[in-house]
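Student:
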């Protein structure tokens, strides 16, 4: 796989109780080395617009046709605003990888969802959708779900776009920007 | 000079007529390769708080003590909100480089300032302060002013932190972020 492939990483900003919306940042990079474009949008906290917002960011970007994969920090943005990665893949035909450092604890997630959401079953079904793969790295393992590419292709993409730690650069930088914009100074993820 | 020195690049977002403030982004990088931190603040358009805002960003950053140089996109932020780089150097003891691709046209600047500002003389004096150096690059030349370091040190810093084109990465990325946050999608500088 070419080292210079274009990747889009999407992550949201931190938020506090009572906040209605959160910032969502998209970072287009060539591999893990060269930053080409920043996208910005807002998302409803605990809303149901995550899929739509991601689609909007991708569809309206001038890099859309060159993107080889989309990287997401887990299956949700803005709290429990769940992303349907199958829909995104179907509508864009761009392969998707969701990646987390911690193995999702579905029992805990179910408890929280039941407490706060009338539509908890729909959200849980969407969060649980797809197979979780454990990927070994030089450091700790990461957990991914994929759509539109093979596990080994996803592994290659994660490897070529990670500089330090276990988080690919487009995701790490999207996190730093979203956190810096929201709080004045960013706090990392590595 | 070490390739991994910490640099801070500061740039502002675009704005339209009638807007009161603009976003200012700080990007802390190791050389031109590894992004470590994002800082964010706002500035009054055509105000007089540019020096204070830059100082505030630097003084409050946890990377302050490790910064080897500050890079600014010219002598102003938020329209004609002029930065006093001597004050910033005196108060922080961190070397500063202002860098532009176009040679400043002081006659034009004077005309604009006279039209719009009662304190045009003060602003013009500040903009003209310091010696302008023409630096040759592989592509077009750039124009810099420096404080706290030699021309050859400044040249080294520009060289080690530039990947493509003539703009050092901390400045190029600060511009992309400020522009992306303001407009939804960034438009570049290379």
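Residue numbers (this note's numbering), protein chains in the order written: chain F, 18 to 207; chain A, 18 to 207.
All C-beta atoms in this analysis are idealised placements derived from N, C-alpha and C, irrespective of residue type, glycine included.
1. In the DSSP assignment, what residue or residues form a beta bridge with residue 181 of chain A?
2. Can the beta-carbon of residue 42 of chain A be found closer than 8 angstroms to that of residue 191 of chain A?
3. Mind checking which residues open and close the beta strand (DSSP E) that includes residue 142 of chain A?
4. Leaving out five residues on either side along the sequence, give the residues of the same chain with a beta carbon under 8 angstroms from the beta carbon of residue 98 of chain F.
5. At the level of alpha carbons, what is the spacing between residue 101 of chain A and residue 29 of chain F?
6. Just list the alpha helix (DSSP H) runs in the stretch 45–126 of chain A, keeping only unbroken ones of 4 residues or longer that don't cross its boundaries, in chain order.
7. Give the DSSP-derived three-state secondary structure of residue 38 of chain A in the structure shown.
8. Please report the straight-line C-alpha distance between residue 32 of chain F and residue 39 of chain F, rounded to a whole angstrom.
9. Terminal residues of the continuous beta strand (DSSP E) containing residue 26 of chain F?
10. Taking the C-alpha atoms as reference points, what is the distance between residue 88 of chain A and residue 106 of chain A?
11. Since I believe residue 44 of chain F is in contact with residue 185 of chain F (beta carbons under 8 angstroms), could you give me their beta-carbon distance rounded to a whole number of angstroms?
12. Name the one or two DSSP bridge partners that residue 163 of chain F has.
13. Going by C-alpha to C-alpha distance, which of A/152, A/193 and A/95 sits closest to residue 35 of chain A?
14. Within 8 angstroms of any Cβ in chain F, is that where the Cβ of residue 39 of chain A sits?
15. Skipping 5 residues on each side, what residues in its chain have a beta carbon closer than 7 angstroms to that of residue 177 of chain A?
16. CB residue 75 of chain F to CB residue 114 of chain F, shorter than 8 angstroms?
17. Between which residues of its own chain and residue 198 of chain F is the CB-CB distance below 7 angstroms, once the five residues before and five after are set aside?
18. Quick check on DSSP: helix, strand or coil for residue 155 of chain A?
19. Which residue comes first and which comes last in the alpha helix (DSSP H) that contains residue 149 of chain F?
20. Hey, out of F/23, F/135 and F/91, whose CA is closest to residue 122 of chain F's CA?
21. Considering only residues of the same chain and omitting the five flanking positions on each side of residue 151 of chain A, which have a CB-CB separation below 7 angstroms?
22. Under 8 angstroms between beta-carbons, which chain F residues line up against residue 202 of chain A? List them in chain order, please.
23. Please identify the residue among F/54, F/71, F/175 and F/168 whose C-alpha is closest to the C-alpha of residue 149 of chain F.
24. Which of helix, strand or coil does DSSP assign to residue 201 of chain A?
Tutor: For this structure:
1. BP columns for residue 181 of chain A are empty, so no partner.
2. Going by C-beta atoms, residue 42 of chain A is nearer than 8 angstroms to residue 191 of chain A.
3. Per DSSP, residue 142 of chain A belongs to no beta strand (DSSP E); it is in the alpha helix (DSSP H), 137–145.
4. 60, 61, 62, 63, 64, 65, 66 and 67
5. When rounded, the distance between both Cα atoms is 35 angstroms.
6. 67–77 and 102–109
7. strand
8. 6 angstroms
9. 23–29 is the extent of the beta strand (DSSP E) around residue 26 of chain F.
10. 12 angstroms
11. The Cβ separation is near 10 angstroms, so there is no contact.
12. F/114
13. A/95
14. At a cut-off of 8 angstroms, the C-beta of residue 39 of chain A has no neighbouring C-beta in chain F.
15. 18, 20, 48 and 49
16. no
17. 30 and 40
18. Coil at residue 155 of chain A, not helix or strand.
19. Per DSSP, residue 149 of chain F belongs to no alpha helix (DSSP H) and is neither H nor E.
20. F/91
21. 158 and 160
22. 54, 55, 56, 57, 77, 78 and 79
23. If we check each option's Cα against that of residue 149 of chain F, F/168 comes out closest.
24. coil
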